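*Asks:*
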Amino acid sequence: LFPVKAQQERVTTPGTNLIFVAQQSDQWERPRSEFKLVKHLGAGDFGEIWEGLWNNKDKVAIKTFKRGYHFKNEVNALKTLCHKNLIQLYAVCSVGEPVYIVTELMAKGSLLQFLKGPWLTDANFMHIISQVAEGMAHLENKHILHINLGARNVLVGEELLCKIADFGLARILKVSHPSLRQRKYWCPFVPIRWTAPEVLTDDRYTAKSDVWSFGIFMYEVFMLGRTPYPGDNQEVKDKVPSGYRLPKPDDCSPDIYMLMLECWQEEPNRRPSFFDLVEKLTAIQRSLQ
Numbered sequence: 001l002f003p004v005k006a007q008q009e010r011v012t013t014p015g016t017n018l019i020f021v022a023q024q025s026d027q028w029e030r031p032r033s034e035f036k037l038v039k040h041l042g043a044g045d046f047g048e049i050w051e052g053l054w055n056n057k058d059k060v061a062i063k064t065f066k067r068g069y070h071f072k073n074e075v076n077a078l079k080t081l082c083h084k085n086l087i088q089l090y091a092v093c094s095v096g097e098p099v100y101i102v103t104e105l106m107a108k109g110s111l112l113q114f115l116k117g118p119w120l121t122d123a124n125f126m127h128i129i130s131q132v133a134e135g136m137a138h139l140e141n142k143h144i145l146h147i148n149l150g151a152r153n154v155l156v157g158e159e160l161l162c163k164i165a166d167f168g169l170a171r172i173l174k175v176s177h178p179s180l181r182q183r184k185y186w187c188p189f190v191p192i193r194w195t196a197p198e199v200l201t202d203d204r205y206t207a208k209s210d211v212w213s214f215g216i217f218m219y220e221v222f223m224l225g226r227t228p229y230p231g232d233n234q235e236v237k238d239k240v241p242s243g244y245r246l247p248k249p250d251d252c253s254p255d256i257y258m259l260m261l262e263c264w265q266e267e268p269n270r271r272p273s274f275f276d277l278v279e280k281l282t283a284i285q286r287s288l289q
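Mapping to UniProt numbering: the sequence shown position 35 is 35, numbers consecutive.
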């Protein structure tokens with residue numbers, strides 16, 4: 001699908017005949033004429049999401065952007081990523097408007113909607129959160145902050161394959177500067193209910209801010225996609241920095257709820273790493289077998 005260069009990694013996308021070639025050089029730009037918008041899937045502040053066709057045969061997802069929207073940071077983050085639980089970039093069309101970001105298409109759509117189905121079991125819940133933890137561990141290893149983790153931004157494919165998507169707010173950290181401050185031009189809104197207290201009070205992001213969001217994500221999964229916290233956003237901004245934490249979901253085991261509480265430690269350095277979370281979730285899964 002791409003011009004062949006040295007030092008490439010080939011990854012076949014499950015459920016398709018597409019072969020992604022991870023480029024060491026910047027060969028992502030493709031002619032707009034290769035893509036066709038077929039079915040509207042959704043919209044947001046950034047623009048729209050479409051199901052599309054590549055060269056009239058391969059199904060892909062196409063994200064289109066409104067004029068003036070900052071898309072380069074999302075593209076730069078996606079270009080560095082190749083992991084089974086992260087959405088895979090295929091191509092970019094940045095010549096002309098609207099800009100296209102072309103990624104793999106996940107057959108079952110958003111996890112937030114998928115959770116409302118009646119067929120999920122406790123084993124399914126564990127499989128979902130473990131996959132997302134693995135994807136986030138890869139981001140952590142790459143020094144990338146997602147900043148917008150939630151069930152709405154996880155996509156589901158065949159055989160309950162889950163992939164983290166929507167890197168519109170993602171930022172790559174310098175190893176020498178493992179935190180950053182919110183900047184209104186790249187982060188005009190904050191997903192309050194998924195956001196760590198140090199961000200709400202001090203606009204300070206670190207990898208441990210994503211860990212907090214992962215705890216909220218786990219809560220979402222066990223609550224079948226229900227919006228976290230009662231009340232409005234201002235109540236959340238007032239109560240969370242003061243120590244309020246979400247109660248244990250009825251169908252959640254004590255071990256998993258303890259992990260949530262670890263993710264919600266007030267002091268960021270006391271929260272586990274995603275590597276630690278992967279190990280702990282694996283141990284819990286083994287104990288349930």
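Built from N, CA and C at the ideal position, the CB exists for glycine as well.
A quick note: this is a predicted structure, and the numbers were derived from the prediction, not measured.
(1) Please classify residue 232: is it buried, with 16 or more other beta-carbons within 10 angstroms of its beta-carbon, or exposed?
(2) Quick check on residue 294: does DSSP put it in helix, strand or coil?
(3) Along the beta strand (DSSP E) that carries residue 219, what are the first and last residues, could you check?
(4) Looking at the unbroken alpha helix (DSSP H) that takes in residue 239, where does it start and where does it end?
(5) By alpha-carbon positions, which one of 246, 230, 234 ends up nearest to residue 215?
(6) May I have the straight-line CA-CA distance separating residue 171 from residue 148, to the nearest angstrom?
(7) Would DSSP call residue 163 helix, strand or coil?
(8) DSSP beta-bridge partners for residue 47?
(9) Can you grab the Cα-Cα spacing for the pair residue 278 / residue 163, in whole Å?
(10) First and last residue of the alpha helix (DSSP H) that includes residue 195?
(11) Mapping the DSSP letters down to three states, classify residue 93 as helix, strand or coil.
(12) I'd like to know if residue 43 contacts chain D, where contact means its C-beta is closer than 8 Å to some C-beta of that chain.
(13) Please tell me whether residue 191 and residue 150 are closer than 8 Å, where the distance is taken between their beta carbons.
(14) Is it the case that the stretch 119-130 contacts the stretch 52-60, given that we only count it when at least three CB pairs across the two stretches are under 8 Å?
(15) Please report the straight-line C-alpha distance between residue 152 and residue 79, rounded to a whole angstrom.
(16) On a Cα-Cα basis, can you pick out the residue from 211, 198, 274 that is closest to residue 239?
(17) If distances are taken between C-alpha atoms only, which option among 107, 200, 262 comes closest to residue 219?
(18) Determine the extent of the beta strand (DSSP E) in which residue 155 is found, giving its start and end residues.
(19) What number of angstroms, rounded off, separates the C-alpha of residue 292 from the C-alpha of residue 269?
(20) For residue 143, name the three-state secondary structure that DSSP assigns.
(21) Based on the DSSP output, what are the partners of residue 39 in its beta bridges?
(22) Which residue comes first and which comes last in the alpha helix (DSSP H) that contains residue 284?
(23) Within its chain, find whatever has a CB closer than 6 Å to the CB of residue 193; leave out the 5 residues flanking it on each side and keep chain order.
(24) Compute the distance between the beta-carbons of residue 111 and residue 155, then report whether it is under 8 Å.
(25) Check residue 129 in the structure and name its three-state DSSP category.
(26) Just to confirm the assignment, what range does the alpha helix (DSSP H) spanning residue 256 have?
(27) Helix, strand or coil for residue 270, going by three-state DSSP, please let me know.
(28) Can you tell me where the beta strand (DSSP E) holding residue 102 begins and where it ends?
(29) What would DSSP say about residue 72, mapped onto helix, strand or coil?
(30) If we ignore side chains and look at the alpha-carbon of each, how far apart do residue 45 and residue 250 end up?
*Replies:* Taking the geometry as given:
(1) The residue labelled residue 232 in the question sits at position 232 within the sequence shown. Result: exposed.
(2) Residue coverage of the chain in this structure runs from 1 to 289, which leaves residue 294 outside it and unanswerable.
(3) By 1-based counting over the sequence shown, the position of residue 219 is 219. Here residue 219 belongs to no beta strand (DSSP E); instead the alpha helix (DSSP H) covers 207-222.
(4) Counting from 1 along the sequence shown, the entry for residue 239 is found at position 239. Per DSSP, residue 239 belongs to the alpha helix (DSSP H) from 233-239.
(5) Residue mapping note: residue 215 aligns to position 215 of the sequence shown, counting from 1. For residue 215, the nearest C-alpha among the options comes from 246.
(6) Locating residue 171 in the sequence shown gives position 171, where the first residue counts as 1. Locating residue 148 in the sequence shown gives position 148, where the first residue counts as 1. Looking at the two C-alpha atoms, the distance is approximately 11 Å.
(7) As a working mapping, residue 163 is identified with position 163 in the sequence shown. Strand at residue 163.
(8) Mapped onto the sequence shown, residue 47 falls at position 47. Its beta-bridge partners are 65.
(9) On the sequence shown, residue 278 is found 278 positions in, with the first residue counted as 1. On the sequence shown, residue 163 is found 163 positions in, with the first residue counted as 1. Computed Cα separation, rounded: 15 Å.
(10) Residue numbering aside, residue 195 sits at position 195 when the sequence shown is read from its first letter. Element bounds for residue 195: n/a, residue is neither H nor E.
(11) As a position in the sequence shown, residue 93 is number 93, starting the count at 1. Note: residue 93 maps to strand in three-state DSSP.
(12) No chain D appears in the structure shown, which is made up of a single protein chain.
(13) Within the sequence shown, the letter at position 191 stands for residue 191. Within the sequence shown, the letter at position 150 stands for residue 150. In contact: residue 191 and residue 150 (Cβ atoms closer than 8 Å).
(14) no
(15) Counting from one through the sequence shown, the residue named residue 152 turns up at place 152. Counting from one through the sequence shown, the residue named residue 79 turns up at place 79. Between residue 152 and residue 79, the C-alpha separation is close to 22 Å.
(16) In the sequence shown, counting from the first residue as 1, residue 239 sits at position 239. Looking at the Cα atoms, 198 is the closest of the given residues.
(17) Position 219 of the sequence shown holds residue 219. With distances taken between Cα atoms, residue 219 lies closest to 262.
(18) On the sequence shown, position 155 is the one that residue 155 refers to. Per DSSP, residue 155 belongs to the beta strand (DSSP E) from 154-156.
(19) No information on residue 292 is available, as it lies outside the stretch 1 to 289 that the chain covers here.
(20) The sequence position of residue 143 within the sequence shown is 143, counting from 1. Coil at residue 143, not helix or strand.
(21) Numbered from its first residue, the sequence shown carries residue 39 at position 39. Paired residue(s): 51.
(22) By 1-based counting over the sequence shown, the position of residue 284 is 284. From DSSP, the alpha helix (DSSP H) with residue 284 extends over 274-288.
(23) Position 193 of the sequence shown holds residue 193. Closer than 6 Å at Cβ, skipping near neighbours: 228, 229, 236.
(24) Translated into the one-based positions of the sequence shown, residue 111 becomes position 111. Translated into the one-based positions of the sequence shown, residue 155 becomes position 155. Yes, Cβ-Cβ distance for residue 111 and residue 155 is below 8 Å.
(25) As a first step, residue 129 is located in the sequence shown; it is residue number 129 there, counting from the start. Helix at residue 129.
(26) Taking the sequence shown and counting its residues from 1, one reaches residue 256 at position 256. 254-263 is the span of the alpha helix (DSSP H), which, as asked, contains residue 256.
(27) For this step, residue 270 is matched to residue 270 along the sequence shown. Residue 270 falls in the helix class under three-state DSSP.
(28) The residue labelled residue 102 in the question sits at position 102 within the sequence shown. Residue 102 -> beta strand (DSSP E) spans 100-103.
(29) As a working mapping, residue 72 is identified with position 72 in the sequence shown. Correct three-state label for residue 72: helix.
(30) Within the sequence shown, residue 45 is the residue found at index 45, counting from 1. Within the sequence shown, residue 250 is the residue found at index 250, counting from 1. In a straight line, the C-alpha of residue 45 is about 35 Å away from that of residue 250.
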